[in-house]
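Numbering (my numbering), first residue to last: 136 to 671.
Backbone N, C-alpha and C fix where the C-beta goes; we use that ideal spot for every residue, glycine too.
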């Protein structure tokens with residue numbers, strides 16, 4: 136394996152020569168595997184595809200990556216396991232932290248912030264970003280003694296003022312990257328209002344300082360700039376919008392997905408009269424827009440958590456609009472809520488004071504949004520006895536991270552009449568860790584050997600499977616207490632003769648439209664039942 140790291144660091148004028156050099160290497164050593172890396176946008180798309188390279192993007196860190204990173208960070212820092220355990224729980228429970236932790240720089244910053252605050256992280260989203268910005272923009276350099284005589288020094292407040300102008304320009308123009316020349320020009324217009332900063336260098340020198348020292352900006356290519364994480368762009372852009380009193384522009388774009396966080400953070404930054412203007416504008420626009428009414432009213436409701444001070448009449452108006460939509464009272468309403476997006480998760484209530492139908496449809500909404508934040512919502516419903524709720528929670532296990540969903544939801548579901556859905560051997564092993572289950576429904580590809588290894592043989596009494604073409608079932612004799620098997624199958628004919636060795640079997644359930652063969656091989660005590668099959 137040959138790794139060639141950082142093609143983007145080669146000047147543009149020399150990149151073609153570098154490509155020829157690479158082609159010669161590949162030709163000289165044809166049996167090697169080659170991995171060539173570059174920052175995004177630094178080289179044109181498909182630059183090496185003609186040389187039989189496949190082009191891939193580096194994905195954000197997975198949940199497992201984040202867990203491993205946090206454990207290793209604390210081990211390297213010589214900090215006790217308790218801090219790592221507490222932080223892992225916070226990253227799971229707090230959606231904003233989870234979103235920030237998906238790249239190594241931000242994950243390390245969160246670890247440092249957590250340690251610095253002796254295991255405490257703010258609950259409020261704005262406070263989390265404020266603390267992170269303070270650590271990035273001032274404390275990190277100051278505490279490391281990075282400044283030397285004659286170097287550019289920009290205080291935290293001025294740092295934020297400059298960077299938020301870049302952020303808001305990008306938001307207003309619908310850009311995730313900004314041309315380097317545009318960024319320098321924008322700073323050039325801003326510096327005359329900041330004479331202490333302007334005296335330290337040109338706009339280009341100030342830009343270089345922000346790029347190198349802030350930890351917030353990066354150059355994905357030689358001629359462009361972006362934010363290390365989109366959440367900081369939205370947070371700082373919202374601050375600039377509020378300071379510029381640009382409320383009408385915010386309201387006009389509130390129906391767009393990419394503006395959701397900007398709107399919510401604008402409410403957090405705003406003063407009480409400004410919040411009133413923003414939230415009233417969202418309500419009024421929602422009242423007159425049939426297409427975007429639901430989204431705008433729910434977005435206004437989601438903003439309430441950031442409104443630390445607000446006119447009670449405005450709060451009541453927002454809550455009344457949301458109450459008409461939440462909790463959902465039908466399957467159609469549940470689907471419509473989920474279509475609005477993850478903002479809904481912050482608004483869904485717990486099961487207290489909900490009817491059985493409302494609780495079920497609320498769960499239906501949350502399960503259609505398979506994010507970590509949804510697990511915390513769904514865990515509130517795990518103790519309900521309603522079979523519809525329990526069946527829906529069991530059915531969607533495969534949409535979520537296996538072990539966490541198992542620990543927080545599956546392990547707590549009442550077993551009565553409930554089939555626990557498993558799509559792979561990992562889920563079967565998880566069930567066994569919790570003592571096994573008597574009713575299991577197989578919804579994925581699991582071999583007989585995997586099933587026998589992972590499933591508790593003494594617990595299984597009811598099994599629900601799909602009867603694939605040519606499948607035989609002698610292996611089920613391994614389960615001494617299995618008395619009922621349900622076949623869900625697209626096959627016109629199902630051969631049940633191989634079940635003759637399953638001595639404990641008493642009932643075979645088949646779809647109404649299917650036919651079966653081989654029943655004469657079964658003992659007389661085995662009953663075949665035709666049923667309209669449902670998940671319960």
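In this chain, the beta strand (DSSP E) harbouring residue 355 covers 352-356. Secondary structure at residue 447: helix, using DSSP grouped into helix, strand and coil. Just measuring C-alpha positions, the residue of 168, 367, 221, 603 sitting nearest residue 138 is 168. When DSSP states are grouped into helix, strand and coil, residue 595 belongs to the coil group. In chain order, 513, 514, 517, 528 place their CB closer than 6 Å to the CB of residue 544, counting only its own chain and leaving out the 5 sequence neighbours on each side.
According to DSSP, residue pairing for residue 663 in a beta bridge involves 643. Excluding five sequence positions before and after residue 654, the CB atoms of its chain that fall closer than 7 Å to its own CB belong to 631, 663, given in chain order. For the set 599, 417, 608, the Cα lying nearest the Cα of residue 645 is the one of 599. Counting the other Cβ atoms within 10 Å of the Cβ of residue 482 gives 16 or more, which makes it buried. Rounded to whole angstroms, residue 217 and residue 254 show a C-alpha spacing of 9 Å. Rounded to whole angstroms, the gap between the alpha carbons of residue 548 and residue 188 is 49 Å.
For residue 596, the closest alpha carbon among the candidates 391, 503, 574, 579 is that of 574. Around residue 475, the same chain offers 429, 430, 433 as residues with beta carbons nearer than 7 Å, after the five sequence neighbours per side are excluded. DSSP, read as helix, strand or coil, puts residue 638 in coil. Inter-residue distance for residue 352 and residue 309 is about 17 Å (C-alpha atoms, whole angstroms). Residue 361 sits in a strand when the DSSP states are folded into three classes. Per the C-alpha coordinates, the member of 511, 506, 496 positioned closest to residue 526 is 496.
Residue state for residue 464 is assigned as coil, using DSSP reduced to three classes. A direct Cα-to-Cα measurement between residue 271 and residue 390 gives close to 32 Å. Residue 289 carries a coil assignment under DSSP once its states are collapsed to helix, strand and coil. Annotation: residue 300 to residue 499 spans about 41 Å, alpha carbon to alpha carbon. Going by DSSP, residue 540 is part of the alpha helix (DSSP H) stretching over 537-543.
Counting only residues of its own chain and dropping the five nearest sequence neighbours on each side, residue 336 has a CB closer than 7 Å to the CB of 287. Beta-bridge partners of residue 628 (DSSP): 650. Within the same chain, Cβ atoms closer than 7 Å to the Cβ of residue 266 are found at 248, 257, the five residues on either side in sequence being excluded. In this model, residue 376 and residue 170 are separated by some 43 Å (Cα to Cα). The straight-line gap separating the alpha-carbon atoms of residue 633 and residue 505 is approximately 39 Å. Taking every protein chain shown into account, the CB of residue 347 has fewer than 16 other CB atoms within 10 angstroms, so this residue is exposed. Residue 582 has its alpha-carbon roughly 29 Å from the corresponding atom of residue 659.
Taking C-beta atoms as the reference points, residue 616 and residue 641 fail to come closer than 8 Å. Straight-line measurement puts the Cα of residue 269 at about 22 Å from the Cα of residue 306.
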